[in-house]
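By the UniProt record's numbering, the letter at position 88 of the sequence shown is numbered 88, and the numbering carries on one by one without gaps.
Ideal Cβ positions, reconstructed from N, Cα and C, are used throughout, including at glycine.
See structure below.
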Amino acid sequence: MADTPPEPDPPPITVVLPDGQEVTGRLQERQQVPGAWLYKVAVPAWQNTPDGRVEPSWYVVWVKAPDHVKPVPGVSYDDVPTTRLPPPPTEREILGPRRPSGWVLQKLERGRGIIHAVDCKEAPAGARVLALDKALDAAEHPGTRLCSLCGAAAELDPVLKGFEHGFGGAENGSRDPS
């Protein structure tokens with residue numbers, strides 16, 4: 001029966017200590033975290049045994065790369081276990097997190113109201129969520145205004161007044177000066 005070969009030692013890496021000293025350690029693992037890479041390194045040290053002797057051991061710690069580690073020239077790190085973050089979806093990377101859809105009407109006295117985005121801090125709790133067409137109908141009611149805190153005004157105003165509102169002048173086909 002053949003013996004299984006021993007696991008290869010992790011590759012050497014230069015570890016930069018807090019006081020600037022450099023020692024050769026072993027790179028055990030790499031992990032990507034948001035905005036950085038962490039390297040799990042083992043640095044040679046000494047430890048006391050229960051019977052009072054001193055023996056060599058490895059101190060294992062995660063450090064930020066490249067601040068606290070340097071590659072050893074000529075050494076391959078291809079076989080080091082590496083965990084990468086999953087890539088973000090392209091549209092989320094460009095647009096950022098998606099806001100919940102819908103609008104709510106905050107009813108005020110004497111038939112007045114305020115239209116809010118569904119996630120606005122000022123939106124009334126438990127209010128019925130309106131689709132875009134219903135929110136636009138409500139916004140056209142005299143006495144109803146659009147919340148500027150949550151962006152309802154910035155998002156719905158161009159739809160209500162036309163996208164060319166604010167870009168007046170004859171060159172834009174408008175008779176209204178801006």
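Taking VAL33 as the centre and dropping the five residues before and after it, the same chain places the C-beta of LEU85 closer than 8 Å to its C-beta, in chain order.
Between LEU27 and PRO8, the C-beta gap is not smaller than 8 Å, which leaves the two residues out of contact. Judged by pairs of C-beta atoms under 8 Å, the segment 102–111 does not touch the segment 32–52, as fewer than three such pairs exist. VAL118 and ALA36 have their C-alpha atoms spaced approximately 35 Å apart. For VAL43, the three-state secondary structure derived from DSSP is strand.
Taking C-alpha positions only, GLN31 is separated from THR82 by approximately 6 Å. The shortest C-alpha to C-alpha distance from SER57 to any of LEU130, GLN47, GLY162 is the one to GLN47. If you ignore the 5 residues before and after ARG145, its C-beta comes within less than 6 Å of the C-beta of ILE114, all in its own chain and listed in chain order. Residue range 152–161 is occupied by the alpha helix (DSSP H) that includes VAL159, with no beta strand (DSSP E) assigned at that position.
The three-state secondary structure of LEU132, taken from DSSP, is helix. In this structure, VAL80 lies away from THR14, with their beta-carbon atoms at least 8 Å apart. DSSP, reduced to helix, strand and coil, places GLU140 outside both helices and strands of the structure shown, so it counts as coil. Spanning the alpha carbons of CYS120 and ARG128 requires a straight line of approximately 14 Å. Looking at the DSSP output, SER148 bridges to nothing. Taking C-beta atoms as the reference points, VAL43 and TYR59 count as a pair closer than 8 Å. The beta carbon of ALA152 sits closer than 6 Å to those of ILE115, HIS116, ALA117, LEU146, all from its chain and outside the five residues before and after it, given in chain order. For ALA45, same chain residues with a beta-carbon under 8 Å away, outside a window of 5 residues either side, are PRO56, SER57, TRP58, TYR59 in chain order. C-alpha of ALA65 to C-alpha of TYR39: approximately 6 Å in a straight line.
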